[in-house]
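Student: Numbers -20 to -1, 1 to 100, taken from mature numbering (1 follows the signal peptide of the UniProt record, and there is no 0), label the letters of the sequence shown in order.
Glycine residues also receive a C-beta, built at the ideal position from the N, C-alpha and C atoms.
The structure displayed is predicted, hence computed values, not measured ones.
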Amino acid sequence: MRTTSILTSLLGAAALVAFAAPAAHADPDQGTLRVVATTGADHLPVAGAQFGITTCRAGSVLATLTTGGDGTATRDFPPDCYMAEITKTPSGCSLASMAYLQIEVTPAATATLPFEFHCA
């Protein structure tokens, strides 16, 4: 009887975990801006590249994104046209593409801006 009671408790707890409410997602009215920094032909990730994000109408910097070990940095923004401009190049690297790129961010979608670097 005791074994059955323990088993029932464990199964009940497992069911609660399995059917718990999903984790909160980003605001569906916003979109994600993703900056990707890689080396030229090899497409290896470049960590430590820093980008200032403004709207396409310019103005003050809304956010600063720094790429991590996977060469990416992301942030959610309201729908609009955004510009990412390199503000810090990692040591030993030089920019191989334009210093800034523009893209339209739309709700519930990811807009990706690719930047290429030459790294020693």
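Quickly, what does DSSP pair S74 with across the bridge? List them, please.
Tutor: H98
Student: Could you pull out every residue in the same chain whose Cβ sits closer than 6 Å to the Cβ of residue 111, ignoring the five residues on either side in sequence?
Tutor: The structure shown has nothing for residue 111, since the chain only spans -20 to 100.
Student: Go through its chain and collect everything with a Cβ distance to P58's Cβ below 6 Å, but skip five positions before and after it.
Tutor: Sequence-distant Cβ neighbours of P58 in its own chain, meaning closer than 6 Å and more than five residues away, are Q10.
Student: Quick one: using the 10 Å Cβ neighbour count with 16 as the cut-off for buried, is T18 buried or exposed?
Tutor: buried
Student: In this structure, does DSSP put T69 in helix, strand or coil?
Tutor: When secondary structure is reduced to three states using DSSP, T69 falls in the coil class, being assigned neither helix nor strand.
Student: Check for me: the beta strand (DSSP E) holding D50 runs from which residue to which?
Tutor: D50 -> no beta strand (DSSP E), and no H or E assigned at all.
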